[in-house]
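*Asks:*
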Amino acid sequence: MIWLQVNQNQLTNPGISTVLFFGTLGMLVLAIGLVVFIVFHQRRVIRYQMQLQKMEEEQQKILLNASIRWQEEERQRIAADLHDDAGPLLATARLYLNENLLKQDINTQLQSIYNAKQIIDDTIQLIRNISHSLMPPTLKNFGLESAINDLFQKISGTGSINASCRFHDYRQRLRPEQELLIFRVVQELVNNILKHSNSSFIHLTQNYSEDKFYLRIHHDGRGITQQDFEKMNKSSLGLGLKNIQSRIKVLHGDINFEKDLSQTYYKVTIEVPMEMEVVS
Amino acid sequence: MLYLVISLLTDLILNPLLSYYSGNQFLGYRIFTIIEYSLITLFLHSIIKNEKFKKAILFLSLAFFIFSIYDLVGSRSNSFDSSPTGVSCILILFYSLFFLFEQIRTPDSLFLYSTTNFWIVVALIIFFSGTFFIFIFSQSNYNVPEFKSTFTLINSIFNILKNLILAMAFVIKPEQAKARKSIPVL
Chain W
26 MIWLQVNQNQ LTNPGISTVL FFGTLGMLVL AIGLVVFIVF HQRRVIRYQM QLQKMEEEQQ
86 KILLNASIRW QEEERQRIAA DLHDDAGPLL ATARLYLNEN LLKQDINTQL QSIYNAKQII
146 DDTIQLIRNI SHSLMPPTLK NFGLESAIND LFQKISGTGS INASCRFHDY RQRLRPEQEL
206 LIFRVVQELV NNILKHSNSS FIHLTQNYSE DKFYLRIHHD GRGITQQDFE KMNKSSLGLG
266 LKNIQSRIKV LHGDINFEKD LSQTYYKVTI EVPMEMEVVS
Chain P
543 MLYLVISLLT DLILNPLLSY YSGNQFLGYR IFTIIEYSLI TLFLHSIIKN EKFKKAILFL
603 SLAFFIFSIY DLVGSRSNSF DSSPTGVSCI LILFYSLFFL FEQIRTPDSL FLYSTTNFWI
663 VVALIIFFSG TFFIFIFSQS NYNVPEFKST FTLINSIFNI LKNLILAMAF VIKPEQAKAR
723 KSIPVL
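Quick mapping for you: the protein sequence lines, in order, are chains W and P. Numbers given in my numbering equal positions in the first sequence, counted from 1, plus 25. Numbers given in my numbering equal positions in the second sequence, counted from 1, plus 542.
1. Assign W:Gln288 to buried or exposed, taking buried as 16 or more other Cβ atoms, counted over all protein chains shown, within 10 Å of its Cβ.
2. Among residues of its own chain, excluding the 5 on either side of W:Val275, which ones have a beta-carbon nearer than 8 Å to its beta-carbon?
3. How far does the alpha helix (DSSP H) with W:His157 in it extend, from its first residue to its last?
4. State the Cα-Cα distance for the pair W:Tyr73 and P:Ala665, rounded to the nearest angstrom.
5. When burial is assigned at 16 or more other CB atoms within 10 Å of the CB, is W:Asn187 buried or exposed?
6. Considering only DSSP beta bridges, list what W:Lys284 is partnered with.
7. Taking the straight line between their C-alpha atoms, what separation do you get for P:Asn705 and P:Trp661?
8. Check each residue of the region 67-80 of chain W: if its Cβ is closer than 9 Å to any Cβ of chain P, include it; give the result in chain order.
9. Say whether the region 110-120 of chain W touches the region 75-87 of chain W, bearing in mind that this needs 3 or more beta-carbon pairs closer than 8 Å, one atom from each stretch.
10. Residue range of the beta strand (DSSP E) that W:Tyr233 falls in?
11. Leaving out five residues on either side along the sequence, give the residues of the same chain with a beta carbon under 8 Å from the beta carbon of P:Thr692.
12. Does W:Arg200 come out as helix, strand or coil in the three-state DSSP assignment?
13. Tell me which same chain residues have a C-beta within less than 6 Å of the C-beta of W:Val304, skipping the five on either side of it?
14. Under 8 Å, with one C-beta from each stretch per pair, do the region 139-148 of chain W and the region 176-183 of chain W reach the 3-pair mark?
15. State buried or exposed for W:Ala56, treating a residue as buried only when at least 16 other CB atoms are found within 10 Å of its CB.
16. Exposed or buried, W:Ala91, counting other C-beta atoms within 10 Å across all chains shown (16 or more means buried)?
17. Is P:Asn701 a contact residue of the ligand GTP, with contact defined as CB to any heavy atom under 7 Å?
18. On the three-state DSSP scale, how would you describe P:Asn592?
19. Using the Cβ count rule (16 or more neighbours within 10 Å means buried), how would you classify P:Leu728?
20. Checking contacts by CB at 8 Å: is W:Val60 closer than that to chain P?
21. Could you check what DSSP says for P:Thr714 in three-state terms: helix, strand or coil?
22. Return the chain-ordered ranges of every beta strand (DSSP E) run that is complete within the region 652-705 of chain P and spans a minimum of 3 residues.
23. Using a Cβ cut-off of 8 Å (strictly closer), state whether W:Met52 contacts chain P.
24. Among W:Leu122, W:Met160, W:Cys190, W:Asn232, whose alpha-carbon lies nearest the alpha-carbon of W:Leu199?
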């Protein structure tokens, strides 16, 4: 108010019109400048947001395509297993039984029945294997820790690579759907390591921290970093990695590929928010 | 709309009547400043969504009402009310900036300039920034003939400009989202 009074007293001179003219013009230019700036800035912000949205949609599309392709491949694999293995086995068993009906010789009949039984046993085993590959029974019955232990023991058992895992704190199990998703991610990662890394060991560790479940896989072969992972996710390559990404997304988790500070090991860290199994 | 009607009524009826009966044309100006501020603030308050901004508007308005009533009662009523008018100009410019800032941060529309509210706010910004100086200097210079002619000129220009932009704002149709018809009407 003091400022206003001072101005009012000062401006009772002949230059009022000039001051008013320039003052008003200045204010007007400022106001118009501000409005123009805001309009352009708002358009730029919206354009940027739309670009981001488009990129996100494209990423979603890639992940969806990868997921569909993976499903198709899985179906083809199961179809091939059933067609190439179970089909011929059952056809052979049928042949033995047909032969059994035609030939009346008791010894030949017994031999045919025995052969047919052997083949049916093999078929049962084959179907069991297919079923286990779809849903590991250890995972379903004993949980993620046992399933991963089982998987690593099998890998170690081959003698080609040293695989070990250690669960520091897994007293409270995750929900079964979460366990299955995490197990699939671990399977995919381990498969990739076995196929591409040429490493001498794989080591998996697990822990909890601040309501988050952590899994870390170390290996000493050729690996990828987060940049490579993101790059491959955006390209048409790396179906397995896209599946990992979509599974992690379903889990609302995070995955991070990095090289160890010592530049000797590669590590993959999976972080999943905790959602305990509801005991009814 | 109400603001425009009241502006018109004040210019045509209230000011001449007050001037005739009380011999004080500035009393009408003083009352109009409060009404004008109230209506514009009400409008800006209704279009601003941010709760913090809304609270700030309420708080500042309360302060403004106390100040303008004090000015109406306490100061010379036969002079132009530069102080309340100047303060109301600044406050309305602030609120308009609140609105524009909010539109930058959380835009409602893809094209800001295709909305009625935007053009109303632009009209307010242009009018109040253009007339700010003449209102500030009016209290002690209103009776100087040179100033009065400049006042009338500038005030009229910005009034016309404001009314033109407001007319445009009322005429403008809100941007219609183009309906995506992927399935033909059967």
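Quick reminder that beta carbons are idealized off the backbone N, C-alpha and C, glycines included.
*Replies:* Quick look at the numbers:
1. exposed
2. Leu206
3. 131-159
4. 28 Å
5. exposed
6. W:Tyr291
7. 11 Å
8. Gln67, Arg68, Val70, Ile71, Gln74, Met75
9. no
10. 226-234
11. Ile676
12. coil
13. With a pLDDT of 44 at W:Val304, under the threshold of 50, the modelled position of that residue is not reliable, and no figure is offered here.
14. no
15. buried
16. buried
17. No copy of the ligand GTP appears in this structure; indeed no ligand is present at all.
18. coil
19. Confidence at P:Leu728 is low in this model, with a pLDDT of 39, below 50, so its placement is unreliable and no value can be given for it.
20. yes
21. Here the sequence assigns Ile to residue 714 of chain P, which means Thr is not the residue at that position. Reduced to three states, the DSSP call for P:Ile714 is coil.
22. none
23. yes
24. W:Asn232
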